[in-house]
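Encoded as structure tokens, the structure appears first; notes follow it.
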Amino acid sequence: MAQKGVLLDQGQFCCSVCLDLLKEPVTIPCGHNYCRSCIEGCWDQDVLKGVYSCPQCRETFIPRPNLRKNNMLADMVEELKKTRLLAAPPPARCYAGPGDVACDFCTGTRKQKALMSCLVCLASYCETHLQSHYAFPALKKHKLVKATAQLQEKICSHHDKLLEVYCCTDQQCICMLCTMDEHKGHDTVSAAAERNEKQRQLGMSQQKVQQRFQEREKELKELKQAVESLKVSIVDQRRHTISLLSSSQREVEGPLSNPTDPTVGNRLSGPLSENRLLNVTDGI
């Protein structure tokens, strides 16, 4: 049994399938330990093949081995829980997938996903390996950024130092050694200050573009309203013109609509009949 005050490695008591503390631990012929439910679940998927293997070392077994509880290991896990010599179960591992940045310090074929990149160490770290940057005073001063695969783009190709200065004269990022070398005497600012200034200018440009866009939208809306108003005016004018023509036509055709009326001849005869007709037609 472990001596009092000794912190044991919790990984020794975790199942490599569920990554949690062993529950009813069993030992298979190759010597590896698993939760009974975990290894049985794995082997249940191999029933049709008739060949069973260890998820860790891939050793195969025929026929399916009988499982027996590892009482000593189970007692150790329970005892360690009670005496608090075992820390909380480790978090589930988050392996790097396509497009993710992998931890530079993880070993094995599958590496965990990196959370942060160090611009001083020029390396990327998963949650586990990142702890040293929080624990050691010397590493606490290192510049950490969100995990990136383009670390080399942030490093000076001449001096292998961080590009933390912006040369306004040559309009490019440089390192501190560059300011004493080929960029000596140039107008420089910190890269962070230049980035903030560029972001401010970009924000102002975006505001101007947005303002122009809104103005064009307003003009377009007003133009559409003018077109609709013109359409209504044209329709009204057309109706009015048709009404005038119809009225004029009735005035001309009215006296001629009843040829048997004896008054028609009287109205059309005499010295004023022609003038009257002209007066009627002139009103059209």
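Using this note's numbering, the letters of the sequence shown map in sequence onto residues 69 to 352.
Note that the Cβ used here is the ideal one computed from N, Cα and C, for glycine as well.
The structure presented is a predicted model; accordingly, all values stated were derived computationally and were not measured.
Identified DSSP bridge partners for Y120: F129
Own chain, CB closer than 7 Å to E221, minus 5 neighbours either side, in chain order: none
Cβ-based neighbour list, A142, same chain, cut-off 6 Å, excluding 5 preceding and 5 following: P93
Separation of G176 from E285, as counted between CA atoms: 59 Å
Nearest-angstrom Cβ-Cβ length linking A206 and M184, presumed shorter than 8 Å: Actually they are not in contact, since the Cβ atoms of A206 and M184 sit about 17 Å apart, beyond 8 Å.
Beta-ladder partner(s) of M184, from DSSP: Y193 and K214
Local Cβ density within 10 Å of V169, reported as buried at 16 or more and exposed below that: buried
For A203, the residue or residues it bridges with in DSSP: Paired residue(s): none; A203 is not in a bridge.
C103 in three-state terms, based on DSSP: strand
Close-in-space but distant-in-sequence residues of the same chain around G111 (CB under 7 Å, 5 per side omitted): According to the sequence shown, residue 111 is Trp rather than Gly. Excluding residues within five positions, the ones whose Cβ falls inside 7 Å are Y120 and R132.
Boundaries of the alpha helix (DSSP H) in which V277 is found, first to last residue: A259 to E321
Residue from D114, C86, C125 and D88 with nearest C-alpha to C98: C125
Beta-carbon gap between L90 and V145 smaller than 9 Å: yes
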